[in-house]
Amino acid sequence: GPTPSPQSIGEGLCFSDGRRKVDYVLVFQRRRHSSIRSHASTSVSHDRLSIVSNGNFPPSASVGEMRLIRQEFEANLLEAGLEIERDRELKTHGPSFTRLHAPWPVLCREAEFLKIKVPTKTESGFGSAMSTMWRKMNQPFQPKVPHQDHERTKFLSHCFSRDKLHLYNITSKDTFFDNATRGRIVYEILRRTVCVRTCQTIGISTMIAKGVYDSAFPLHDVSVRFRIPTGRHLVLHEEWARYSAFYKYQPIDLVRKYFGEKIGLYFAWLGVYTQLLIPASIVGIIVFFFGVATVETDIPSQEMCNESLNFTMCPLCDGVCDFWHLSTACGTARASHLFDNPATVFFAIFMSLWAVLFLEHWKRRQISLSFSWDLTGIEEDEVYTEHPRPKYENILLQKRQRKQKNKKKKKKNEAAIEKLTWKDRLPGYFINISSILFMFGLTFSAVFGVIIYRITVSALMAMSPDPETKSNVRVTVTATAVIINLVVILILDEIYGAVALWLTELEIPKTETDFEERLILKAFLLKFMNAYAPIFYVAFFKGRFAGRPGNYVYVFNDYRMEECAPGGCLIELCIQLSIIMLGKQLIQNNIFEIGIPKLKKLVRAIKDKGSAEKKSEQERPPQQWNLDYALAPFEGLTPEYMEMIIQFGFVSLFVASFPLAPLFALLNNVIEIRLDAKKFVTELRRPVAVRAKDIGIWYNILSGMGKFSVIINAFVISFTSDFIPRLVYQYMFSQTGTMHGFIDHTLSYFNVSNFKPGTAPQNSEHGDIIVCRYKDYREPPWSPDAYMFSKQYWCVLAARLAFVIVFQNLVMFLSLVVAWVIPDTPKTIMEQLKREKKLLVDVFLREEKEKFQLIQSLFSKDTTLQPGGHVLHPGQGLPIPGRYSTLPSGPKQGLAGDRGGEGPRARCRAASFSQFTRNIPSSPRNENENSRHTAV
Numbered sequence: 001g002p003t004p005s006p007q008s009i010g011e012g013l014c015f016s017d018g019r020r021k022v023d024y025v026l027v028f029q030r031r032r033h034s035s036i037r038s039h040a041s042t043s044v045s046h047d048r049l050s051i052v053s054n055g056n057f058p059p060s061a062s063v064g065e066m067r068l069i070r071q072e073f074e075a076n077l078l079e080a081g082l083e084i085e086r087d088r089e090l091k092t093h094g095p096s097f098t099r100l101h102a103p104w105p106v107l108c109r110e111a112e113f114l115k116i117k118v119p120t121k122t123e124s125g126f127g128s129a130m131s132t133m134w135r136k137m138n139q140p141f142q143p144k145v146p147h148q149d150h151e152r153t154k155f156l157s158h159c160f161s162r163d164k165l166h167l168y169n170i171t172s173k174d175t176f177f178d179n180a181t182r183g184r185i186v187y188e189i190l191r192r193t194v195c196v197r198t199c200q201t202i203g204i205s206t207m208i209a210k211g212v213y214d215s216a217f218p219l220h221d222v223s224v225r226f227r228i229p230t231g232r233h234l235v236l237h238e239e240w241a242r243y244s245a246f247y248k249y250q251p252i253d254l255v256r257k258y259f260g261e262k263i264g265l266y267f268a269w270l271g272v273y274t275q276l277l278i279p280a281s282i283v284g285i286i287v288f289f290f291g292v293a294t295v296e297t298d299i300p301s302q303e304m305c306n307e308s309l310n311f312t313m314c315p316l317c318d319g320v321c322d323f324w325h326l327s328t329a330c331g332t333a334r335a336s337h338l339f340d341n342p343a344t345v346f347f348a349i350f351m352s353l354w355a356v357l358f359l360e361h362w363k364r365r366q367i368s369l370s371f372s373w374d375l376t377g378i379e380e381d382e383v384y385t386e387h388p389r390p391k392y393e394n395i396l397l398q399k400r401q402r403k404q405k406n407k408k409k410k411k412k413n414e415a416a417i418e419k420l421t422w423k424d425r426l427p428g429y430f431i432n433i434s435s436i437l438f439m440f441g442l443t444f445s446a447v448f449g450v451i452i453y454r455i456t457v458s459a460l461m462a463m464s465p466d467p468e469t470k471s472n473v474r475v476t477v478t479a480t481a482v483i484i485n486l487v488v489i490l491i492l493d494e495i496y497g498a499v500a501l502w503l504t505e506l507e508i509p510k511t512e513t514d515f516e517e518r519l520i521l522k523a524f525l526l527k528f529m530n531a532y533a534p535i536f537y538v539a540f541f542k543g544r545f546a547g548r549p550g551n552y553v554y555v556f557n558d559y560r561m562e563e564c565a566p567g568g569c570l571i572e573l574c575i576q577l578s579i580i581m582l583g584k585q586l587i588q589n590n591i592f593e594i595g596i597p598k599l600k601k602l603v604r605a606i607k608d609k610g611s612a613e614k615k616s617e618q619e620r621p622p623q624q625w626n627l628d629y630a631l632a633p634f635e636g637l638t639p640e641y642m643e644m645i646i647q648f649g650f651v652s653l654f655v656a657s658f659p660l661a662p663l664f665a666l667l668n669n670v671i672e673i674r675l676d677a678k679k680f681v682t683e684l685r686r687p688v689a690v691r692a693k694d695i696g697i698w699y700n701i702l703s704g705m706g707k708f709s710v711i712i713n714a715f716v717i718s719f720t721s722d723f724i725p726r727l728v729y730q731y732m733f734s735q736t737g738t739m740h741g742f743i744d745h746t747l748s749y750f751n752v753s754n755f756k757p758g759t760a761p762q763n764s765e766h767g768d769i770i771v772c773r774y775k776d777y778r779e780p781p782w783s784p785d786a787y788m789f790s791k792q793y794w795c796v797l798a799a800r801l802a803f804v805i806v807f808q809n810l811v812m813f814l815s816l817v818v819a820w821v822i823p824d825t826p827k828t829i830m831e832q833l834k835r836e837k838k839l840l841v842d843v844f845l846r847e848e849k850e851k852f853q854l855i856q857s858l859f860s861k862d863t864t865l866q867p868g869g870h871v872l873h874p875g876q877g878l879p880i881p882g883r884y885s886t887l888p889s890g891p892k893q894g895l896a897g898d899r900g901g902e903g904p905r906a907r908c909r910a911a912s913f914s915q916f917t918r919n920i921p922s923s924p925r926n927e928n929e930n931s932r933h934t935a936v
């Protein structure tokens, strides 16, 4: 490549001439032994070329073969019209960079091929409809983005066409396509460039997978250290990727222009979710404070704390545990009321409707963004024409070779093997199903292991002679068990992420989209089960299968199954949920997302420092591509979305037991947005700007979780909380119609003489106890049906089931009403879409009119110059040849039309206005020297 000039060294974003932009960078590693380039090694590579060219890429391809493949690939890139610059100095080892630049004709060709929408000169004036007063109030929360008002105004846009260059506002060919679009165009060329002669592969992803190149990426606009104030990168760094900007809106349009629509939509979705957590948090705080305010007036809590009522309870374990008074559990009862009160039911209904409202609001926001980002009407094939994944191609190639070996070459057979069938994937599917079932088993084993821990530690602490240890059994066991659960969840989370990736690879998906969707579903299934299994156990299973005094259920014949606390299982569910949610967020955010990348950066810096000392001092300072190569590669948005989806589950699924969940989620997300922003701007290589219509499969997962949350909350309120038993008592069994006597009503009697031998307390401090109480609805020992379920039990069960059905149907109905009332497409957007179509039609009609007038004037001039010539009347039509000859654009361009050696376009087309205006001085199209024109 050309040698760099000294003035370009500081730039780092251009070729050595200082003018042509670096649109993309390819990196390959030079090994130490590759520095010896003898003629013999080259000839060996040429000899082995035949081995490679049969399509079977050797796993241990030599350095010479790699070089040949690169040479062919880069020659094909040059043929496609790209310009290439390589490193000046020949390194013996280390990374070697190949810079790519797309000239104007290539950009135009690819923009037309990709149907990239670009703004026209026509101002459609679609500014935001915000009132001036609201804008003034909002001003402190807006990020300081240059030309923000100009950004808000939407220009009429149209798919790029080389025939209509005069319509676009082309002030400079270098800046008309922004860097993100240029990177996307070059990536599209890289994706489809073939390398047939050496290894029968297609695309840069295959090259990277086979080790020909190490990586490929577009450059960040500016390095933060250069501090160029006009760069978008710097604006994002100052106004978005800072924790101090937590109270400001995100500059979403700028994020989209820099990183592309897919990443823009993720941050827009995260912003909408975080914004809507504010009302949910406020309502949650009100519900919590309602519990705090009414705890003193709550009759069941007062009855539990009343020592004069003197409920003597049955022992909590066999032999060593003594009888105990219910009043000792006063603290648990009061704490339970904070979360288990009538307001909780209202909050559960509110949160179910909130989930629907969130999804509806996001739909509207997504459509607004689609309109302002010109994503309306794009078809799937327009978004991305995907090539097969490298692994898919490789396995397909191996299958073809096996067929060729087994049978004689027949054209029929070769044509038949065009894709992999279900038979090829069957082993992968079998391993998938068995592995997922094993992972589920592993998750349940972890939960069961913690249950055993709780049971054994409770029994051991109950045997302790220390009275203080005995009194704190439940708190100690619950807290330590939840922390163990949290650690297990975090470890399994990382394992399941890697396993999901491995299982998806075994399925051999054809395209990247297919791969991503399968990976998301598997990872979500495993991580969902992992995060919520312990919570499901506490909510719906704990204490349900414990048995009763005299007939307990035992684990390993020694340990009794655990029971809920006297105040109910809801307080334990609350503790479990809060510790797992907070712990997961704090540890994953602070240690995994901040700590691990910083540690990797530190290790890399130490390595670089060691290698830098060995290098000569005369070597030039690092360029932008060196700095970007040192950053971590972008590995997709799946981990970011997954983290938020699991959090959405904590906020919506069990919110009836923990009204403060939305508040903690909000506090986490305020930091999360800035953390992710900082990561994208400063710690990751720039991703390719990928177009996307929506957030894809994540919306379906959110919608499913929203519906699932209604059922879960219905069961939590009816079966885990005491809400239904209290209602049933108050309206069916209470003498006074109040809650007085509720605790006595929920406790059954047990005759201590019915204890199994060896299970009764050995040395009781309470004297001679004849009858003890336990929490259940069972017949007393003096009844003919002693210890059978009582009438009250069946009444409460019927009420619980009825509540589940009523709650579920009511919330589902209200959800449908909310979804029906809120239209998916905002009215203003619908009006603007109609107006935009009308304006676009007007522009083209005006163009056709001008074109017709121009042709008339040209031919009238022609007839006046040639008096004897044939006069063309307006209604007579115009003879148009099938193919036009192209003339050179002038002395500056050597190639015909300067189209990168593309030659004349093969398709027939009508003469456009843009082709004639070249010859007229007053034309607004004088800046487009590179477009072709037609001789008339």
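Going by full-length UniProt numbering, 875 is the number at position 875 of the sequence shown; the sequence numbering is gapless. Just so you know, even glycine gets a beta-carbon here, dropped at the ideal spot from N, CA and C.
query: Continuous beta strand (DSSP E) assignments of at least 3 residues falling wholly in the stretch 554 to 623; result: none
query: L219 classed as buried or exposed, judged by whether at least 16 other C-beta atoms fall within 10 angstroms; result: buried
query: Simplified DSSP state of L190, which is helix, strand or coil; result: helix
query: Simplified DSSP state of H93, which is helix, strand or coil; result: coil
query: For G18, the three-state DSSP class (helix, strand or coil); result: coil
query: 7 Å Cβ cutoff met for V145 and L254; result: yes
query: CB of F176 within 7 Å of CB of I185, strictly; result: no
query: Stretch pair the stretch 350 to 368 + the stretch 581 to 595: three plus CB contacts closer than 8 Å; result: no
query: Rounded straight-line distance, which links the Cα of A268 to that of D17; result: 39 Å
query: Proximity winner among P761, R778, K756, relative to D744 (alpha-carbon distances); result: R778
query: Cut-off 8 Å between Cβ atoms - residues of its own chain near V272, not counting five sequence neighbours on either side; result: F358, H361, W362, R365
query: Residues near P566 in its chain [Cβ-Cβ closer than 8 Å; skip 5 each side]; result: M304, M313, L326, A329, T332, A333, K775
query: DSSP bridge partner residues for A216 (one or two, in chain order); result: L26
query: T759 in three-state terms, based on DSSP; result: coil
query: C-alpha distance - L747 paired with I520, whole-angstrom precision; result: 48 Å
query: E238 - DSSP class collapsed to helix/strand/coil; result: helix
query: Counted within 10 angstroms of its Cβ, other Cβ atoms place E848 as buried (16 or more) or exposed; result: exposed
query: For S368 and D824, the rounded distance between their alpha carbons; result: 10 Å
query: Residues of its chain near S616, where Cβ-Cβ distance is below 8 Å and the 5 sequence neighbours each way are ignored; result: Because S616 sits at a pLDDT of 46, beneath the cut-off of 50, its placement in the model cannot be relied upon, and the following sentence gives the value as read from the coordinates. None.
query: Separation of V710 from E516, as counted between CA atoms; result: 29 Å
query: Inter-residue Cα distance where the pair is R846 and V22; result: 39 Å
query: The stretch 491 to 510 touching the stretch 597 to 606, judged by at least three CB pairs closer than 8 Å; result: no
query: Closest residue to A799 among S718, V450, T120 (Cα-Cα distance); result: S718
query: Whole-Å CB distance - V554 paired with A459, under 8 Å assumed; result: Here residue 554 turns out to be Tyr, not Val, going by the sequence shown. Actually they do not touch by this definition, with Cβ atoms about 11 Å apart.
query: Cross-strand partners of E72 (DSSP beta bridge); result: Answer is none; E72 lacks a bridge partner.
query: With 16 other Cβ atoms within 10 Å as the buried cut-off, status of Q250; result: buried
query: Integer-rounded CB distance, given that P427 should sit under 8 Å from N485; result: That pair is no contact at about 35 Å.
query: Validate contact between the stretch 729 to 737 and the stretch 804 to 815 using beta carbons, cut 8 Å, 3 pairs; result: no
query: Proximal residues to A665 (C-beta, below 6 Å), its chain only, five neighbours per side dropped; result: L277, Q647, V651
query: Check whether I712 and L801 have beta carbons under 7 Å apart; result: no
query: Neighbourhood of A111 by C-beta, 8 Å cutoff - its chain only, sequence neighbours within 5 removed; result: V118, F160, F177, T181, I185
query: First through last residue of the beta strand (DSSP E) which encompasses K85; result: Sequence inspection shows Glu at residue 85; the Lys mentioned does not correspond to that position. Where E85 is concerned, the enclosing beta strand (DSSP E) stretches over 83 to 86.
query: Residue burial classification, Q832 (beta-carbon count within 10 angstroms, cutoff 16); result: buried
query: Reference F708; option with closest CA among S372, A348, H166; result: A348
query: 7 Å Cβ cutoff met for L599 and R685; result: no
query: T274 vs N751 beta-carbon contact at 7 Å; result: no
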